[in-house]
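In mature numbering (1 follows the signal peptide of the UniProt record, and there is no 0), the protein residues as written are -18 to -1, 1 to 643.
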């Protein structure tokens, strides 16, 4: 294997020696959720809203950016907040969820919905309520798909109650199924909202166009292999464009600021293509402002769905805006933080005020407000319990896998060993997804492990996003195969480099990373001293069956097929799933295994951990199962994050003979 040089030389690592954090200190310090999160900016730029978390209270706070005055507070209670966004100067939307158990099943789901907090009346209202004009047993009610120009109405999609069909919406009964619709919701009185436009069982999404009162509907006909976009306006529905594909190929991003056109993005093996879809005649033309070489992450648009720019993926985000002046201004701000990730979190309607979140080397996370012509202003730090010296240094590295594929990697070095980073006890920490990626920011899990004296290696194995379409596509069908080899190759390369003590290497991961940890224990048991799986998959056939049980029928069937294909390829079957399921190879495991799993995990059910625990015990292997009560897939509670870190650090130290007890 060829070893490529570090992108950032180890010579530039800080040489300050720091003491190891104790197990208790590391768990409490790094396991705490951010005290300030979800910050957003109002259209005028005069208000910010954010989540403020303490040991006593979980609040949404609204504060003046002019004088720091507290304007509104809202106690969240037991709901889990996911997103805050102003839809008007005095209307703040909140997306939150709660765990719901499915009667008669071991499975559950997250019941998500959206609320509006009226700041002028200090009143909170739920926008869509299951059973109130819409079908009772549904989730996914948290997405606002458009806002009226006066901010009095929002548009949201849902399955309808049967008697709501034909109440005020245009439809063609030959073309559409009346069960699914885009609803017009009165923000001040969201009782029994009425459908504005009807969809069908093939509808994937709507997007509302406030300037004309129209909407675009996206459908996918799995049987006919047709991905289509339709315009709803003035009582009619017409198809704008149709793509003959086996799975959805285009994503609608928003509308043009200059003309009635919709921005679409699609992916090819060569990169991304952006096109404007004309709403009058369905013609397509390239949107040359956005380049094809960078990987699309998300669109930047306001509540009116007008496109302002896009965010590109990478270890650090980058941006491109339609307005050249805004583009240059944001680029200058990003360039002023060369060792950190700079995330745009909000903007005023005139773009004079910009809100950023900056995190990375030396910065556990700060919110900065930057007004045109003014110096950056620190609004709040995200983590009061973390100082800059508590942030272990992170560098980028690239190595070649055994077949020549380049694997971008993040290395987090323990600050306590930064004076002589050689022959270190090491933790391989693959990310979840697997179509996901790690970023150069504050990773609480990696930072906690590094604080105990371990080198943390995060390979962006094939199948990861953020490093080009080809890098992602060559991971298809490679669960437990080449994707796993990429992790093994990291150990060999870094051992040859002199950074890793090959006798003290562990593998730890969450979600897909948890699967990779179990696969490492089962398929390469001589490589690792121990393995930790957090909310990991162990039984692939079972998780596919569970996903089909929970799916929304025709709308999600193609997605589950694609998920299975990503595991074993297009021609794989149940036996192929079994061949790469760690639960089937418990007899091959020769190292201690720690299983940590959220009891309320709706992505990877707790039964996955139970099955692996049972299989390992049956074979007489060393295994421990930690059940996290009232915890989900993403570990969204401080108490259970701390519990996770305590169990994991204790387990690593016992099996790696490194660190303080």
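A virtual CB, placed ideally from N, CA and C, is assigned to each residue, including glycine. These figures come from a predicted structure and were not determined experimentally.
I need the DSSP call for residue i, collapsed to helix, strand or coil.
{"i": "residue 592", "result": "helix"}
{"i": "residue 644", "result": "Nothing can be reported for residue 644: it is not among the residues displayed for the chain, which extend from -18 to 643."}
{"i": "residue 545", "result": "helix"}
{"i": "residue 505", "result": "helix"}
{"i": "residue 145", "result": "Low local confidence applies: a pLDDT of 48 at residue 145 is under 50, so the model's placement there is unreliable, and no value is given."}
{"i": "residue 110", "result": "coil"}
{"i": "residue 184", "result": "coil"}
{"i": "residue 333", "result": "coil"}
{"i": "residue 170", "result": "coil"}
{"i": "residue 90", "result": "strand"}
{"i": "residue 510", "result": "coil"}
{"i": "residue 33", "result": "strand"}
{"i": "residue 278", "result": "strand"}
{"i": "residue 264", "result": "coil"}
{"i": "residue 641", "result": "Interpretation of residue 641 is limited by its pLDDT of 44, a score under 50 that renders its predicted location unreliable; the figure taken from the coordinates is listed afterwards. Note: residue 641 maps to coil in three-state DSSP."}
Look at the Cβ atom of residue i, then the Cβ atom of residue j, and state whether they are nearer than 8 angstroms.
{"i": "residue 230", "j": "residue 209", "result": "yes"}
{"i": "residue 518", "j": "residue 440", "result": "no"}
{"i": "residue 514", "j": "residue 630", "result": "yes"}
{"i": "residue 110", "j": "residue 98", "result": "no"}
{"i": "residue 281", "j": "residue 301", "result": "no"}
{"i": "residue 72", "j": "residue 100", "result": "yes"}
{"i": "residue 291", "j": "residue 321", "result": "no"}
{"i": "residue 211", "j": "residue 223", "result": "yes"}
{"i": "residue 327", "j": "residue 319", "result": "no"}
{"i": "residue 571", "j": "residue 503", "result": "yes"}
{"i": "residue 486", "j": "residue 464", "result": "no"}
{"i": "residue 295", "j": "residue 447", "result": "yes"}
{"i": "residue 17", "j": "residue 46", "result": "no"}
{"i": "residue 161", "j": "residue 190", "result": "no"}
{"i": "residue 346", "j": "residue 424", "result": "yes"}
{"i": "residue 481", "j": "residue 406", "result": "yes"}
{"i": "residue 133", "j": "residue 70", "result": "yes"}
Can you tell me whether residue i is buried or exposed, with buried defined as 16 or more other CB within 10 angstroms of its CB?
{"i": "residue 38", "result": "exposed"}
{"i": "residue 545", "result": "exposed"}
{"i": "residue 205", "result": "exposed"}
{"i": "residue 556", "result": "exposed"}
{"i": "residue 201", "result": "buried"}
{"i": "residue 371", "result": "exposed"}
{"i": "residue 597", "result": "buried"}
{"i": "residue 173", "result": "exposed"}
{"i": "residue 103", "result": "exposed"}
{"i": "residue 357", "result": "exposed"}
{"i": "residue 207", "result": "exposed"}
{"i": "residue 57", "result": "exposed"}
{"i": "residue 645", "result": "Residue 645 is absent from the structure shown; the chain starts at -18 and stops at 643."}
{"i": "residue 34", "result": "buried"}
{"i": "residue 119", "result": "exposed"}
Measure the beta-carbon distance from residue i to residue j and round it to whole angstroms, keeping in mind my assumption that it falls under 8 angstroms.
{"i": "residue 122", "j": "residue 77", "result": "In fact, because the Cβ distance is near 11 angstroms, the residues do not count as touching under 8 angstroms."}
{"i": "residue 9", "j": "residue 434", "result": "About 10 angstroms separates the two Cβ atoms, so there is no contact after all."}
{"i": "residue 138", "j": "residue 127", "result": "6 angstroms"}
{"i": "residue 382", "j": "residue 390", "result": "The Cβ separation is near 11 angstroms, so there is no contact."}
{"i": "residue 565", "j": "residue 593", "result": "5 angstroms"}
{"i": "residue 581", "j": "residue 610", "result": "6 angstroms"}
Taking the alpha-carbon positions, what's the residue i to residue j distance?
{"i": "residue 395", "j": "residue 307", "result": "39 angstroms"}
{"i": "residue 688", "j": "residue 237", "result": "Here the chain covers residues -18 to 643 and nothing more, so residue 688 does not appear."}
{"i": "residue 151", "j": "residue 117", "result": "With a pLDDT of 45 at residue 151, under the threshold of 50, the modelled position of that residue is not reliable, and no figure is offered here."}
{"i": "residue -10", "j": "residue 272", "result": "Note that residue -10 scores a pLDDT of 37, beneath 50, so its modelled location is shaky and nothing firm can be said."}
{"i": "residue 44", "j": "residue 553", "result": "53 angstroms"}
{"i": "residue 430", "j": "residue 12", "result": "6 angstroms"}
{"i": "residue 521", "j": "residue 181", "result": "36 angstroms"}
{"i": "residue 266", "j": "residue 249", "result": "16 angstroms"}
{"i": "residue 411", "j": "residue 453", "result": "19 angstroms"}
{"i": "residue 531", "j": "residue 409", "result": "36 angstroms"}
{"i": "residue 41", "j": "residue 216", "result": "43 angstroms"}
{"i": "residue 81", "j": "residue 93", "result": "6 angstroms"}
{"i": "residue 493", "j": "residue 355", "result": "45 angstroms"}
{"i": "residue 562", "j": "residue 467", "result": "13 angstroms"}
{"i": "residue 225", "j": "residue 253", "result": "18 angstroms"}
{"i": "residue 404", "j": "residue 385", "result": "27 angstroms"}
{"i": "residue 270", "j": "residue 279", "result": "17 angstroms"}
{"i": "residue 367", "j": "residue 375", "result": "18 angstroms"}
{"i": "residue 460", "j": "residue 197", "result": "40 angstroms"}
{"i": "residue 699", "j": "residue 348", "result": "The chain is shown only over -18 to 643; residue 699 falls outside these bounds and no answer can be derived."}
{"i": "residue 25", "j": "residue 402", "result": "50 angstroms"}
Measuring from the CB of residue i, is there a heavy atom of the ligand NAP at a distance below 7 angstroms?
{"i": "residue 233", "result": "With respect to small molecules bound, the structure shown includes none, and the ligand NAP cannot be examined in it."}
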